[in-house]
Amino acid sequence: MKNFFDLFSLPTNFSIDLDTLEKKYFEFQKKFHPDKSGDKSDEIEQSIAINEAYEVLLSPLKRAAHILRLNGLDVENDVAAPKVDQATLLEVFEMRESGDLSAKDLSQKIKSLLEEVSQNLENKNFASAAQILIRAKYFEKTLQDLKVKKWH
Amino acid sequence: MALIKISEPGAIQENERENEIVIGIDLGTTNSLAAIIVNEKVRFFVDENGRDIHPSIVTYGDKKISSIKRFMGVGFTELEGIKLAPSEVAAEILKHLKKLAEKQLKTEIKKAVITVPAYFDETAKNATKLAANLAGLEVLRLVNEPTAAALAYGLDNDAEGTYCVYDLGGGTFDVSVLKMQKGIFKVLGVAGDNALGGDDFDDLISKHLGVSRAEARKIKEEQTIDQALFEKLIFEKLEKTFTLTKNLLDDLDLESSDIKGVITVGGSTRITLIKKKLAEIFGVEKVLDEIDPDRIVVAGAAWQAHNLSGNSENLLLDVVPLSLGIEMMGGIVDKVILRNSTIPMALTKEFTTYADNQSGMKLHIVQGERELAADCRSLANFEIKKIPAMKAGLARVAVTFKIDADGLLTVSAEEKFTGEKQEILVKPSYGLSEDEVKKMLLDSLQNSKADISNRLLIQTITDSNHDITILQKDLEKYVGEDKKLIAEKIQNLENLIKEKASRDTILEAKEEMEKAAENLILEKVNAVLDKGIVGKRIDVI
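Top line first, the protein sequences correspond to chains U and V. So in numbering that gives the first Met the number 0, spot 108 of the first sequence is number 107, and the numbers just go up one at a time. So in numbering that gives the first Met the number 0, spot 214 of the second sequence is number 213, and the numbers just go up one at a time.
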């Protein structure tokens, strides 16, 4: 598993300096993007890798999942990963039933859960960080579904 | 051989990139334009009347085909009673632009950057690329129209910050949000509707007033319609564009206050109601005027062409507009690449077998945001074969989706258990069958006069070389008194080929050589006939 933080010379921390990340990202793409490198396959691979790493580090949810994965916990692909708890399922269900499932509430919920994730990652409580992250991901999925629904 | 140079495809690429002229093309629903950067300024290619905006209309006899862009990627279509492939029609428009550019620059143009609506799907993009190939143009890059507009605006105004591009053309609507800073233009997200534009407004007027579409368009452009009635007619269509704009901001977790300016693009943005509504959403000072809505996209295309020719430091980072996924059991889509991911991008997903000794796996690739594959656009079906026999769930097939900088997709697969790699590439789909595409490419070659004469010359040289080789061999054994003459004629033909003489001159020399060698040929034919006939039964001959 590649460490995406290393790629951008950043410390492997949940809280990162987004400006530094962006600056490095642009610097790399100016060198490796196919428009600059002339469609050479090695450089395209580099450009792809940089895009992937940047997207992971930019999103707090993906960034947290990446840190967990570096510590042996794969919450994204592993079928054995912990499932979302009953309480969260019930909470979203009730939000839906009451008809006030709002993007703002969901975003707020995700934000506060991520703060908990951050705390646990800092204290190296990876198992509980994973458990909370899975809840956050569930709310995020609900939020995305809500957004997609608006498109159609 | 001096005439036919064969070199490694990669070897000459770099040189060509730097030396060859690349033009920018805006292939629009209603109008098309072409431009190039000269001395850091945009220069438009004009027709004999000095006009730089060229109607996207192709005439076939007495029939006029317009708005072909709305059909890109749908396969053969019947228009005005003629069955046509949209790529063929678009190719005619591109050929016209190419010709204008060649006339003005006095050199052959082989490469172009072409703009497409950001919300064009894979098939429509491929169809555009095919149209360019049919017109004899290599597409150096497909650029999304709003991105091109932002590039032109940004370079012109040293813009920095987050901007929104609202692009309402004749047939398509795009909305895009970009972050600009010195030398970098990063698209954050796009949304749009491929079937919403000025043409729809014409239809609405035509229906309401009972006039033809052409008349309706004139009424719209000359504003000889009651403003209140016009706004009422188009209200619903316009509302859709504003909803898409607001949803995009939402999607990107942005507030309208985060947007520094709104760049309006496309002829339809001349409608006062649009400016008014955008001012309501973003604030009146944010709606940037002084932009030429008809020329800004082609200006961006020309700048990107300039960038790709290695002439500047600017970099465009674009996104894929629609998610890409695989159809799972039950028809549900498993999204592999999410919309608004920055390209180039690649992602790998692992799949496994669900039955013991399952030897193949069928994959259906779709594009779109809906949950069910049936509601998305089908891109390709392909099959992974020769999976070694093993228990269900043991085989692991890694499928990699790769999107290049043009936003075009290739898919490859690898069976992990045995480590055997299976490169399965998804052929680009144009909404046409492979045979149809082949035939069109062939026709396009035959239609081009320059190409024909060039191919005839190559054919003549190939034939001549073939004859020379045979004659030289035969001549070694030949003892006739005309041996010296034949040798001279061969030498003469060889020299002409080396000197790159015209086809007629080479043909003439070839005939002379054949005439001189008449006796030799006759002798040879007789010898062959003798050998063949002796001892054979008559019915075999």
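Built from N, CA and C at the ideal position, the CB exists for glycine as well.
CB-CB length for residue i against residue j, believed under 8 Å
i: V/Val264; j: V/Ala190; result: Not really, about 15 Å apart at Cβ, beyond 8 Å.
i: V/Val88; j: V/Val57; result: 5 Å
i: V/Leu484; j: V/Ala515; result: 5 Å
i: U/Val83; j: U/Ile133; result: 5 Å
i: V/Arg216; j: V/Asp201; result: 5 Å
i: V/Ala391; j: V/Thr347; result: That belief does not hold up - the Cβ atoms of V/Ala391 and V/Thr347 are roughly 22 Å apart, past 8 Å.
i: U/Pro33; j: V/Ala404; result: 4 Å
i: V/Asp249; j: U/Ala102; result: 7 Å
i: V/Glu72; j: V/Thr29; result: Per the sequence shown, residue 72 of chain V should be read as Gly rather than Glu. So it is not a contact: roughly 19 Å between Cβ atoms.
Residue i and residue j closer than 8 Å at C-beta
i: V/Asp473; j: V/Leu521; result: no
i: V/Lys97; j: V/Ala134; result: yes
i: V/Ser322; j: V/Ile331; result: no
i: V/Ile183; j: V/Leu314; result: yes
i: V/Leu237; j: V/Lys276; result: yes
i: V/Gly196; j: V/Phe172; result: yes
i: V/Leu247; j: V/Val318; result: no
i: V/Ala304; j: V/Leu139; result: yes
i: V/Phe372; j: V/His363; result: In the sequence as displayed, the identity of residue 372 of chain V is Ala instead of Phe. Closer than 8 Å, so yes.
i: V/Ile36; j: V/Thr106; result: no
i: V/Gly188; j: V/Leu287; result: no
i: V/Leu167; j: V/Ser267; result: yes
i: V/Lys401; j: V/Glu382; result: no
i: V/Ala379; j: V/Asn356; result: no
i: U/Leu142; j: U/Leu105; result: yes
i: V/Lys285; j: V/Val261; result: yes
i: V/Lys68; j: V/Phe75; result: no
CA-to-CA distance, residue j to residue i, given in whole angstroms
i: U/Thr87; j: U/Asp41; result: 45 Å
i: U/Ile131; j: U/Leu113; result: 8 Å
i: U/Ser8; j: U/Tyr24; result: 11 Å
i: V/Asn525; j: V/Leu495; result: 31 Å
i: V/Lys385; j: V/Ala394; result: 11 Å
i: U/Lys61; j: V/Cys375; result: 26 Å
i: V/Ser66; j: V/Gly170; result: 7 Å
i: U/Lys1; j: V/Thr409; result: 24 Å
i: V/Asn464; j: V/Leu93; result: 37 Å
i: V/Asp450; j: V/Leu456; result: Unreliable placement is indicated for V/Asp450, whose pLDDT of 49 sits below 50; no coordinate value is reported for it.
i: V/Asp25; j: V/Phe241; result: 24 Å
i: U/Ile47; j: V/Ile342; result: 7 Å
i: V/Asp333; j: V/Ser377; result: 14 Å
i: U/Gln107; j: U/Val55; result: 21 Å
i: V/Arg502; j: V/Thr459; result: 7 Å
i: V/Ala227; j: V/Glu214; result: 19 Å
i: V/Lys245; j: V/Leu104; result: 44 Å
i: V/Tyr118; j: V/Asn193; result: 6 Å
i: U/Tyr53; j: V/His95; result: 42 Å
i: V/Ala500; j: V/Lys523; result: 30 Å
i: V/Gly324; j: V/Gly23; result: 32 Å
i: U/Gln152; j: U/Ser97; result: Coverage of chain U is limited to positions 0 through 151, which leaves residue 152 of chain U absent and any answer about it impossible.
i: V/Gly27; j: U/Asp99; result: 43 Å
i: V/Ala111; j: V/Gly60; result: 29 Å
i: V/Arg406; j: V/Lys185; result: It is Gly, not Arg, that sits at residue 406 of chain V in the sequence shown. Cα to Cα, V/Gly406 sits roughly 15 Å from V/Lys185.
i: U/Glu21; j: V/Ser411; result: 31 Å
i: U/Phe31; j: V/Val41; result: 27 Å
heavy atom of the ligand SAM below 7 Å from residue i C-beta
i: V/Pro85; result: In the structure shown, the ligand SAM is absent, as is every other ligand, since no ligand is present at all.
8 Å Cβ cutoff, residue i in contact with chain B
i: U/Ala102; result: The structure shown contains no chain B; its protein chains are U and V.
Interfacial residues, the segment 334-359 of chain V to chain U, with Cβ spacing under 7 Å: Within the segment 334-359 of chain V, the residues whose Cβ lies closer than 7 Å to any Cβ of chain U are, in chain order, Ser340, Thr341, Pro343, Met344, Ala345.
Flag this pair as touching only if the segment 275-289 of chain V and the segment 252-259 of chain V have three or more C-beta atom pairs under 8 Å; answer yes or no. yes
| said: Under 8 Å: do the segment 288-301 of chain V and the segment 145-162 of chain V share three or more Cβ pairs, one atom per stretch? | reply: yes
Next on the checklist: If contact is defined by three or more beta carbon pairs under 8 Å, each pair taking one atom from either stretch, is the segment 233-240 of chain V in contact with the segment 119-127 of chain V?
Outcome noted: Fewer than three Cβ pairs drawn from the segment 119-127 of chain V and the segment 233-240 of chain V lie within less than 8 Å of each other, which leaves the two stretches out of contact.
Does the structure place the segment 12-21 of chain U close enough to the segment 113-122 of chain U that three or more beta carbon pairs sit under 8 Å? yes
For the segment 117-146 of chain U, which residues have a CB atom closer than 7 Å to at least one CB atom of chain V, in sequence order? Lys146
Name, going along the chain, the residues of the segment 315-329 of chain V whose beta-carbon falls closer than 8 Å to a beta-carbon of chain U. Leu315, Leu316
Q. Listed from N- to C-terminal order along the chain, which residues in the segment 297-310 of chain V have their beta-carbon within a distance smaller than 7 Å of any beta-carbon of chain U?
A. Asn306, Leu307
Closer than 8 Å between beta carbons: that is the criterion. Which residues of the segment 393-414 of chain V meet it against chain U?
Lys401, Asp403, Ala404
Item to check | Residues from the segment 13-36 of chain U in contact with chain V, defined by Cβ distance under 8 Å | outcome: Phe25, Gln28, Lys29, His32, Pro33, Asp34, Lys35
Report the residues of the segment 243-256 of chain V with a CB closer than 7 Å to any CB of chain U, ordered along the chain.
Asn246, Asp249, Asp250
Does the pairing of the segment 138-146 of chain V with the segment 161-175 of chain V give three or more beta-carbon distances under 8 Å?
Contact between the segment 138-146 of chain V and the segment 161-175 of chain V is present, because at least three Cβ pairs lie under 8 Å.
Q. Taking Cβ-Cβ distances below 7 Å as the criterion, which residues of the segment 167-186 of chain V are in contact with chain U?
A. Ile183
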